[in-house]
Structure formats: structure tokens, C-alpha cells
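Participant: Following my numbering, the numbering of the sequence shown begins with 1043 at its first residue and continues without gaps. Provided herewith is a single structure, encoded as C-alpha cells, for subsequent inquiry.
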Amino acid sequence: MPQSRLIKPLLDQEYPMISHGKGIYLYDQNGKRYIDGSSGAVTASIGHGVDEIIEAMNEQAKKVAFVYRSQFTSEPAEQLADTLCRLSDGHLPWTFFVNSGTEATETAMKMAIQHWQEQGRGTKTKILSRWMSYHGITVGALSMSGHPLRRMRFVPLLEEYPSISPPYCYRCPHKSSYPSCQLACASELERVIKRIGAQYIAAFIAEPIVGAAGGALTPPDGYYEKIQEICEKHDVLFIMDEVMTGNGRTGTHFGYQHWNVKPDIVTLGKGLSAGYSPIAATLASQKVIDPILSGTKVVMSGHTFSGNPLSAAVSMAVLSYLERHKLVDQVEEKGKRLKQKLKRLQGETSMIGDIRGKGLLIGVELVQNTLTKQPFERHLNVMSRLVEKAQRNGLLIYPAAAGEDGIDGDAVILSPPFIISDDEMDELFNLFSLSIKELE
Ligand code: PLP
């Protein structure tokens, strides 16, 4: 019998064996302790081993773990949809539960196309998106994703390419600067809509703050207001992919709440259960659902595990925990404190080009020359080496793409759990600083 082998991200690399987690710390089986400085993949927002969540999980599992969505609804799923509606101030009353951020994107795309079909506007099928973006790994979601590394090998399967530049002020795609740019990167959307023809376009999808494909790219003020205005003018639905930014990560329940906008469809994942059980969601406004409600009455999607009571109960417990401990209210302040420390570090080192993001979603772009912003040579693998060094030092950080093409630069994301204390934040920062200085 050949030896069984688990396929891990790098096939020939040894990974530490996890033992357990508590708070912001993870422990491997050799007893080494790691600060979860990225909440895994920006997910474990309330930290590890929280008793209340485990109790809620147990309690629900004892009642019933799974029912099929076409046969039953459940109290946890209904309560969760209710809570999400309330957190959106009633703007997003409709919730469709899925199991991953990727599925939430796929559902959002289908909902948008169906919204127009039900009104007899069946040619509106294209979904526009930006370069330097990530919306998921399956074919539809990857088609929308402007992440060259993840899509390149599968181009023959992909239906679409992103067509809009990202709002990347550090390396403005229009070689301009804010505010004299007059938000040229947002105006691009209108140009593309006119060139293709609004009669073929169902929606535009964007992450409020770009995660893995940009290292917390944060648009300038007015950007999303302009995007929304363009979408409304051309009958194009506006989808916000909040898989990474949702559930308090940036200091508001939804990332879009930083601006004066109301997207038509919003996706959630990651922080929705803070990693305690797989669950994600696609939320929609009344306007999106109305034509479906007076038409076929069926949102044409669904997965076996959609809205299973166990994951819904876990997610409900996580949202209650966030509210009870007022954790989202603390995110902005904690993020500011970490950013201030990083700014000081920027002055002491030669390789931090840009620090960006909101709340506890902070991107650090690494460059060879801070004056010219020249990225490091690719073969140096600076980002991967920093991630490795930090892990050796007992700090977990999240790698992200950066650079003019989203493939020729290095960035990392710092996104610790919201429960992090001041002392723990100092410890995180000291390990990050040490790792950067070791790399110089
Ligand atoms: N959308 C965004 C913004 C993400 O960051 C991710 C994952 O990193 C996804 C979608 C895909 O989510 P999942 O990995 O849960 O499928």
C-alpha cells in the first residue's frame, strides 16, 4: 500500500501539526506558540477556543445538525438572516446561505443575472470586475477575479476577464493622484459600460477593500459613491464582495458602511462564523428580489449544506459574541494603534513602501526603494520569506499580491482577532518588526 498523503499548499513542505488554540494564540504539537496575526485567512475574528461558541455548537448538534433546505427551515438560520438584516439597517432583508466565500460570489452572480431575466432583460448577463481582486476559486468566481497567479493556468475554463483598474493610489493606474485625478479609476467603469453596452451588463462586483489580491487596497473618498452613481445610471447592479471585510473586520459591520452607498447584493464568509464552522451568505436588497418574487419565485442556486442549522447556530453565536462584547466598536481604535506603530517602523526600516487598510485589515507593501517605489526582484521571494521568518518567530501573517500588475510586488496583511489586547498587540508588532529587520 502506498503511504497516504494529504495535499497541502506546498506538496514537498513540512507543516507544523496544530495542537490547539486559545485567544489570539495557536499551539503546535511541539509546544510552539504562534500569534494568529492574520486570523488565519482573515477569518478567526473572535480568536480561538471561545467556550460560548463551543457550547452553542454542542447544543445545536444535540437537537439537529442537518436538514435539507427544501424540506425545513430552522430557528438558527431564520435568526441569523434576521440579525444580518438588522445589521444592514434593513437594507438587505434577503439572505441565501452557502458554505464558502466562493459560493457566495457564484450565488451573487446568478442572482444578478436572474434579476434581469425575470424582467425580460435576458441579454444583461455580463458581470464586470476589477484587476487586483479576488472573488473565489471556482470557474465563475475566478472569471471575475483579477488575480493573475490564481487564474493563469485555468484561462481556457474562464468565461470573462476583469476590465476595470483597481483603486490603487500608491501606484495609481492613471499615473495621477487624489484628488486631482477626479477618481479616474471609478470613471473607467462608465467607459467600459458604454463600450460593451449596458444592455449586456448585469452587475459590477468589487471588494470594498481589496484583500489577497492587493494587500488592503483602500479607495479614496468618493470612489464608491461614484461607482454607485454609474451603476444606477446604467441599470447595473452593484455587488460588494464582503467575504473578507464583512462582520466587523474594518470597524463597521459591513465594509460598505464606511461610505454613503447601499450595494444591491453583498456577500459574506470568513468572519461570519469566525472560522468555527463553514458558512457564507449572499444578501440582497428588496429591489433585487422583487422581480424574482413576482416571477419564478426561486433563486436558482443551492448546495446540500446551505443554511444547515449547525453552522447557522455557530454563526449566530459568533454575531451575539461580537455584539455582547462590543468588539466591532473596538476595531477602529485597535487598528489605528497598530498602524501608528507600523508608521514608526516605516521610518526605521528601508523596505516598507505603503501602509494601508481600515480597522483590523492592514496591508503593508514591501519595496526595494521607498522613493521610487520599485518592487523587489521576483526571484528574491521577499513576501514569502517574510511570511516564513515571521512564522519561525511565532507570528502568522497573510501574504498578498501587489505591484503594478498585481504580480510583480510584495505585500502582507496584518489582521489579528478583534479580541487582541494592547499587550498582545505590542507582542505582535515586536515580532513583525523583528522579522522585517531580519530580512533587511
Ligand atoms: N472573496 C474574497 C474577498 C475573499 O477574500 C475570498 C477568500 O479569500 C473569497 C471571496 C473566497 O472565499 P472562500 O475561500 O471561502 O471560498
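Heads up, the beta-carbon is just placed ideally off N, CA and C, and yes, glycines get one too. These figures come from a predicted structure and were not determined experimentally.
Nearest-angstrom Cα distance between Met1153 and Glu1374?
Facilitator: Going from the Cα of Met1153 to the Cα of Glu1374 covers about 33 Å.
Participant: Which of helix, strand or coil does DSSP assign to Lys1168?
Facilitator: Residue state, collapsed to three classes: strand.
Participant: Within 8 Å, do at least three Cβ pairs link the segment 1366–1385 to the segment 1106–1118?
Facilitator: At 8 Å Cβ cutoff, the stretches do not touch.
Participant: Skipping 5 residues on each side, what residues in its chain have a beta carbon closer than 7 Å to that of Val1360?
Facilitator: Closer than 7 Å at Cβ, skipping near neighbours: Ile1088, Ile1095, Ser1315, Ala1316 and Tyr1318.
Participant: According to the neighbour-count rule (16 or more other Cβ atoms, all chains shown, within 10 Å of its Cβ), is Ile1238 buried or exposed?
Facilitator: Exposed: under 16 other Cβ atoms inside 10 Å.
Participant: Going by the C-beta, is Pro1147 closer than 7 Å to any heavy atom of the ligand PLP?
Facilitator: Before going further, note that residue 1147 is Thr rather than Pro in the sequence given. Yes, the beta carbon of Thr1147 sits closer than 7 Å to at least one heavy atom of the ligand PLP.
Participant: Shortest alpha-carbon distance to Lys1385 belongs to which of Thr1165, Glu1267, Tyr1266 and Phe1471?
Facilitator: Minimum Cα distance to Lys1385 is reached at Phe1471.
Participant: Between which residues of its own chain and Asn1350 is the CB-CB distance below 6 Å, once the five residues before and five after are set aside?
Facilitator: Phe1108.
Participant: Tell me the DSSP secondary structure of Gln1224 in three-state form.
Facilitator: Coil at Gln1224, not helix or strand.
Participant: Looking only at its chain, what residues have a beta carbon closer than 7 Å to the beta carbon of His1345, apart from the 5 residues adjacent to it on each side?
Facilitator: If we look at His1345 and ignore the five residues flanking it on each side, its Cβ neighbours are Val1140, Asn1141 and Glu1145.
Participant: Could you tell me whether any non-hydrogen atom of the ligand PLP is closer than 7 Å to the CB of Ser1023?
Facilitator: This structure does not reach residue 1023, given that the chain is present from 1043 up to 1482, and the question cannot be answered.
Participant: Please give the ranges of any alpha helix (DSSP H) in the segment 1248–1321, keeping only runs that are unbroken, at least 4 residues long and fully inside the region.
Facilitator: If we require 4 residues or more, the alpha helix (DSSP H) runs fully inside the segment 1248–1321 come out as 1265–1275.
Participant: So which of Arg1233, Ser1130, Ile1462 and Trp1158 has the shortest CA-CA distance to Ser1080?
Facilitator: That would be Ile1462, whose Cα lies nearest to the Cα of Ser1080.
Participant: Would the beta-carbon of Ala1244 fall within 8 Å of that of Lys1168?
Facilitator: Yes. Within cutoff.
Participant: Would you mind sorting Thr1260 into buried or exposed? The rule is 16 or more other CB atoms within 10 Å of its CB.
Facilitator: With 16 or more other Cβ atoms within 10 Å, it is buried.
Participant: Is Ser1142 near the ligand FMN, with its Cβ less than 7 Å from a heavy atom?
Facilitator: For the structure depicted, the ligand FMN is absent and the ligand set comprises only the ligand PLP.
Participant: Distance check for Leu1184 and Asp1450, CA to CA, integer angstroms please.
Facilitator: Asp1450 and Leu1184: Cα-Cα distance of roughly 20 Å.
Participant: Report the residue from Leu1191, Gly1182, Asp1468 and Ile1334 whose alpha carbon sits nearest the alpha carbon of Glu1201.
Facilitator: The shortest Cα separation from Glu1201 among Leu1191, Gly1182, Asp1468 and Ile1334 belongs to Gly1182.
Participant: Straight-line CA distance for Met1186 to Met1043?
Facilitator: For Met1186 and Met1043, the distance between alpha carbons rounds to 42 Å.
Participant: Is Pro1305 buried or exposed, if buried means 16 or more other CB atoms sit within 10 Å of its CB?
Facilitator: Buried, because 16 or more other Cβ atoms sit within 10 Å of the Cβ of Pro1305.
Participant: Check whether the Cβ of Met1153 sits closer than 7 Å to any heavy atom of the ligand PLP, and report yes or no.
Facilitator: Met1153: no, Cβ never under 7 Å from the ligand PLP.
Participant: For Gly1401, I'd like the list of residues in its chain whose CB is within less than 7 Å of its CB, leaving aside the five on either flank, ordered along the chain.
Facilitator: If we look at Gly1401 and ignore the five residues flanking it on each side, its Cβ neighbours are Arg1291, Thr1292, Gly1293, Val1373, Glu1374 and Gly1377.
Participant: Once you ignore the five residues that flank Val1429 on each side, which residues in its own chain have a CB closer than 7 Å to its CB?
Facilitator: Excluding residues within five positions, the ones whose Cβ falls inside 7 Å are Ile1439, Pro1441 and Val1454.
Participant: Along the chain, where does the alpha helix (DSSP H) containing Trp1158 start, and where does it finish?
Facilitator: Its alpha helix (DSSP H) spans residues Gly1143 to Gln1159.
Participant: Leaving out five residues on either side along the sequence, give the residues of the same chain with a beta carbon under 7 Å from the beta carbon of Leu1199.
Facilitator: Excluding sequence neighbours, Leu1199 sits near Val1181.
Participant: Give the straight-line distance between the Cα atoms of Phe1418 and Gln1410, rounded to the nearest whole angstrom.
Facilitator: Phe1418 and Gln1410: Cα-Cα distance of roughly 5 Å.
Participant: Using a 10 Å radius around the Cβ and a threshold of 16 neighbouring Cβ atoms, would you call Gln1045 buried or exposed?
Facilitator: Exposed, since its Cβ has fewer than 16 Cβ neighbours within 10 Å.
Participant: Roughly how many angstroms lie between the CA atoms of Leu1483 and Pro1250, to the nearest whole one?
Facilitator: Because residue 1483 is not part of the residues shown, which for the chain are 1043 to 1482, the question remains open.
Participant: By how many angstroms is the C-alpha of Arg1163 removed from the C-alpha of Ile1206?
Facilitator: Looking at the two C-alpha atoms, the distance is approximately 24 Å.
Participant: According to DSSP, simplified to helix, strand and coil, what is Gln1328?
Facilitator: Three-state DSSP puts Gln1328 in a helix.
Participant: What first and last residue would you give for the beta strand (DSSP E) that runs through Lys1400?
Facilitator: From DSSP, the beta strand (DSSP E) with Lys1400 extends over Ile1394 to Lys1400.
Participant: Quick check on Met1358: buried or exposed, where buried means 16 or more other Cβ atoms within 10 Å of its Cβ?
Facilitator: By the 10 Å Cβ count, Met1358 comes out buried.
Participant: When you compare only the Cα positions, how much space is there between Ala1228 and Ala1098?
Facilitator: Distance between the alpha carbons of Ala1228 and Ala1098: 44 Å.
Participant: Cβ atoms of Leu1279 and Ile1307: under 8 Å apart, would you say?
Facilitator: The answer is yes: Cβ separation under 8 Å.
Participant: Tell me which residue opens and which closes the alpha helix (DSSP H) that Val1181 is part of.
Facilitator: Its alpha helix (DSSP H) spans residues Val1181 to Met1186.
Participant: Could you name the residues of the same chain whose beta carbon sits closer than 6 Å to that of Ala1432, not counting the 5 residues immediately before and after it, in chain order?
Facilitator: The answer, listed in chain order, is Ile1439 and Ser1477.
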